[in-house]
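Chemist:
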Amino acid sequence: MSETSSILRSSAVMAAGTTVSRLSGFVRSALLAAALGNSLHAEVFTIANTVPNMVYILVAGGVINAVLVPQLVRALKGDPDGGDAYTARLLTLVALFLATVTVVLVLAAPWVMRIFVDDSWPDSAFDSTVSFARLCLPQVFFYGMFVLVGQILNARGRFGPMMWAPIANNVVATAVLALYLVVYGAGDPHAPGFGQGETLLLGLGSTLGIALQLAVLVPFLRAAGVSLRPRFDFRDAGLSHTFRLGVWTVLFVVVNQIAYAVVVRLASTGTAEADPDGTGYTVYSSAFLIMMVPHSIITVSLATALLPRLSAYAADADRRGLARTLAPTLRTALAVVVPFGALLPLLAAPVAQVVWGYGAAAGAVDNYVDTLRLFGPGLIAFTVHYLLLRGFYAREENRTVFFIQCAVAATNIVAAVVLVGVSDDHGTAPALVVAYTASYAVGSVVSYVVLSRRLGGLQTPVLVRFLVRLALAVLGAVAAGAAVVAALAPLDLADSTPGALVVGAAVGGAALVVLLALARTMRITEVTEIVGTVTARIRR
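Sequential numbering from 21 applies to the sequence shown in the numbering used here.
1) What three-state label does DSSP hand I544 in the structure shown?
2) With Q479 as the anchor, note down where its alpha helix (DSSP H) starts and where it stops.
3) Compute the Euclidean distance between the alpha carbons of I67 and T302, then round it to the nearest angstrom.
4) When you compare the stretch 423–440 with the stretch 476–483, are there three or more beta-carbon pairs, one atom per stretch, that lie closer than 8 angstroms?
5) Rounded to whole angstroms, what's the CA-CA distance from A125 to Y413? Just pull it up for me.
6) To the nearest angstrom, how far is the alpha carbon of D512 from that of A526?
7) Quick check: what's the CA-CA separation for T319 versus V273?
8) Classify R242: buried if its beta carbon has 16 or more other beta carbons within 10 angstroms, exposed otherwise.
9) Taking DSSP as the reference, what is the three-state secondary structure of W141?
10) Do the stretch 185–201 and the stretch 48–56 make contact, defined as three or more Cβ pairs closer than 8 angstroms?
11) Got a sec? Which residues, its chain only, sit under 6 angstroms from V150 by beta carbon, not counting five neighbours each side?
12) Counting pairs of Cβ atoms below 8 angstroms between the stretch 404–421 and the stretch 377–395, do you hit three or more?
13) Locate the alpha helix (DSSP H) running through R339, then write down its first and last residues.
14) By alpha-carbon positions, which one of P250, A530, L342 ends up nearest to R109?
15) For D104 and T291, what's the separation of their Cα atoms in angstroms?
16) Sort A384, I310, P212 by Cα distance to V371 and report the nearest one.
17) If distances are taken between C-alpha atoms only, which option among Y163, F308, L201, A231 comes closest to V283?
18) Compute the Euclidean distance between the alpha carbons of N73 and P209, then round it to the nearest angstrom.
19) Go ahead and pull the three-state DSSP assignment for A185.
20) Relative to the alpha-carbon of M183, which residue among A211, L221, A145, L234 has its alpha-carbon at the smallest distance?
21) Considering only residues of the same chain and omitting the five flanking positions on each side of A502, which have a CB-CB separation below 8 angstroms?
22) Have a look at G177, L221, G215 and flag the residue whose alpha-carbon is nearest the alpha-carbon of G245.
23) Mapping DSSP to helix, strand and coil, what is S443?
24) With distances taken from CA atoms, which of T349, L364, V466 is nearest F486?
25) Taking the straight line between their C-alpha atoms, what separation do you get for V64 and L224?
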């Protein structure tokens, strides 16, 4: 079995879990739109419930995700006990750190939320946001422990549980939102605040889902032979090298989250006046959820299976092996995200109607469409950047990653401020999408050039030939999809959910058939290998 095929097989297990998780996430997103709409009322809860994840990433996420996996792999290979002591100390230290940070954040909730919410918000809206934040900020602890435990399992070759566990969170979130609709009904999408009962139900329910997501992994951790007994002998335990690497990763995350905080704050200006046509963070994040489907299912699964292999090559100082593994994985990811990104403008309207055309959001579905259409190029740029960073992390070149991310964050901030400044409230979310695309276009180019030089090449001629053939196949698929859109336009189907389903299925189906036919004709093996892996998984 080739290494690429092995990575695809490992990725398929994770992708299956992520697919189910994303589908359940769409149900949650639809219920949230039905209950709260996509204007100021939704912004209050959405921003408060998003900040814990942002803060977790800021204080610990980068170190856990990018630094600890290579270190866990090295401990598994090099320590006499197979890394058991290192893992136990790590679990204890991270748990103590996250618990302390969480307590401080809850106490400082008003000041934390002022960073992310524009000053033009009504006082009642800001007060409700702070109330939600106090209930949601404990998620920082559960997010951090979930990712750490998941990465420990990944380092031991158990990739599936971390990808399936978020389904538990989505089930809880869906149940909470369904209960909210039963008890309180669809709210006024332009109302600035929430009652105490509404706040408790949504806030506590959201945190319960993240806690359950962590609890699901604990039995798998025990089955992997990892001790849950805390160890406090941190001195001379091999953690100092980890934290020296973590300094650059923390700086990387800081600049990234500064840029994201600017985006959230700018987005909140779009809904500050409760304009029914205003687009803010709820629209931006909801469209981002759709955009991230292929990234989460394909790219993250590939990267998770890839990083331990890249780390092993880097530990052996095998630059050619690292490049030989990374280059085809990049092409495999692009074989999925390029067609998806190209078809997104055609599918945006029916997707928006199917996912968000209910309840409080039913009259404002058009708010999502332009934002969703513009995310396609951003997906492609982000995918390239994301995968290439795994090469730097495997080589422990975290300082280089930091400087690249400085360029990404600076581009995002400048472009977002300028574009939002010249757009009206209706165009806030679309302007932020264009800024996102510009920033990761810069990141993908810089990261590719730098990593290619350091590895002695990334099979660039092969990549260029692949992209030319893929572009021709995708153009044919888009042409087929556009023809279907034109043929169905006189029927005016897209204004209803059943009709939008018909349009979306017809457009996607026609484009997929043409894409696969052209890929087979032009021998685009990256596409046919993915199809083969998926069909084999379905048969099993």
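Cβ atoms here follow ideal geometry from the backbone N, Cα and C, with glycine treated the same way.
Modeler: So, to answer that:
1) For this step, residue 544 is matched to residue 524 along the sequence shown. Reduced to three states, the DSSP call for I544 is coil.
2) As a position in the sequence shown, residue 479 is number 459, starting the count at 1. It is not in any alpha helix (DSSP H) - Q479 carries neither H nor E in the DSSP assignment.
3) By one-based count along the sequence shown, residue 67 stands at place 47. By one-based count along the sequence shown, residue 302 stands at place 282. Approximately 8 angstroms, taken between the alpha carbons.
4) no
5) For the purposes of this step, residue 125 is identified with residue 105 of the sequence shown, where counting begins at 1. For the purposes of this step, residue 413 is identified with residue 393 of the sequence shown, where counting begins at 1. The displayed chain sequence assigns Leu, not Ala, to residue 125. Their backbone Cα atoms lie some 29 angstroms apart in a straight line.
6) Here residue 512 refers to the residue found at position 492 when the sequence shown is read from its first residue. Here residue 526 refers to the residue found at position 506 when the sequence shown is read from its first residue. If you take the alpha carbons of D512 and A526, they lie about 14 angstroms apart.
7) Residue numbering aside, residue 319 sits at position 299 when the sequence shown is read from its first letter. Residue numbering aside, residue 273 sits at position 253 when the sequence shown is read from its first letter. Each residue's alpha carbon lies about 20 angstroms from the other.
8) Sequence index remark: in the sequence shown, residue 242 carries index 222 (1-based). Label assigned to R242: exposed.
9) Within the sequence shown, residue 141 is the residue found at index 121, counting from 1. Three-state result, W141: coil.
10) yes
11) Here residue 150 is taken as the residue at index 130 of the sequence shown, counted from 1. The answer, listed in chain order, is A129, P130, M133.
12) no
13) As a working note, residue 339 is residue 319 in the sequence shown. Residues 339–376.
14) In the sequence shown, residue 109 corresponds to position 89, counting from 1. The candidate whose alpha carbon is nearest that of R109 is P250.
15) For this step, residue 104 is matched to residue 84 along the sequence shown. For this step, residue 291 is matched to residue 271 along the sequence shown. Cα-Cα distance, rounded: 50 angstroms.
16) Start at 1 with the first residue of the sequence shown, and residue 371 comes out as number 351. Answer by Cα proximity: I310.
17) Residue mapping note: residue 283 aligns to position 263 of the sequence shown, counting from 1. The residue with the shortest Cα to Cα distance from V283 is F308.
18) Indexing the sequence shown from 1 puts residue 73 at position 53. Indexing the sequence shown from 1 puts residue 209 at position 189. Going from the Cα of N73 to the Cα of P209 covers about 24 angstroms.
19) Counting from 1 along the sequence shown, the entry for residue 185 is found at position 165. In the structure shown, A185 sits in coil (DSSP, three-state: anything other than H, G, I, E or B).
20) The count along the sequence shown starts at 1 and reaches residue 183 at position 163. The residue with the shortest Cα to Cα distance from M183 is L234.
21) Residue 502 sits at position 482 when you count from the first residue of the sequence shown. Counting only Cβ-Cβ distances below 8 angstroms, and skipping sequence neighbours, we find L366.
22) Position 225 of the sequence shown, counted from the first residue, corresponds to residue 245. Measuring from the Cα of G245, the nearest candidate turns out to be G177.
23) As a working mapping, residue 443 is identified with position 423 in the sequence shown. If DSSP states are grouped into helix, strand and coil, S443 belongs with coil.
24) Working through the sequence shown from its first residue, we reach residue 486 at position 466. When only C-alpha atoms are compared, the closest one is T349.
25) Sequence index remark: in the sequence shown, residue 64 carries index 44 (1-based). Sequence index remark: in the sequence shown, residue 224 carries index 204 (1-based). For V64 and L224, the distance between alpha carbons rounds to 15 angstroms.
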